[in-house]
Amino acid sequence: MAGIVNYIKESFGELKNNVTWPTWAEAQSLTVLVAVFSIIFSLAIWGVDTVFSKVITYYFDLIK
């Protein structure tokens, strides 16, 4: 049990002293970047899904 407590203490020390945290402005701009990329990526997936759906529907209409 002492090993787990020591691990947690060392982890917090690592986060406090050795991690370079972004500034508030950097965090905001990166958040916007991730949101925009997520929207673009989801629209691309939606487009591919729509095209495949229409192709499959067309194919099954042909073989009826």
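Under the numbering used here, the first residue of the sequence shown carries the number 2, and numbering increases by one thereafter.
The beta-carbon is built from N, C-alpha and C at its ideal position, and this holds for glycine as well.
Cβ pair residue i, residue j closer than 8 Å
| i | j | result |
| --- | --- | --- |
| residue 34 | residue 23 | no |
Residues of its chain near residue i, where Cβ-Cβ distance is below 7 Å and the 5 sequence neighbours each way are ignored
| i | result |
| --- | --- |
| residue 13 | none |
Neighbourhood of residue i by C-beta, 6 Å cutoff - its chain only, sequence neighbours within 5 removed
| i | result |
| --- | --- |
| residue 21 | none |
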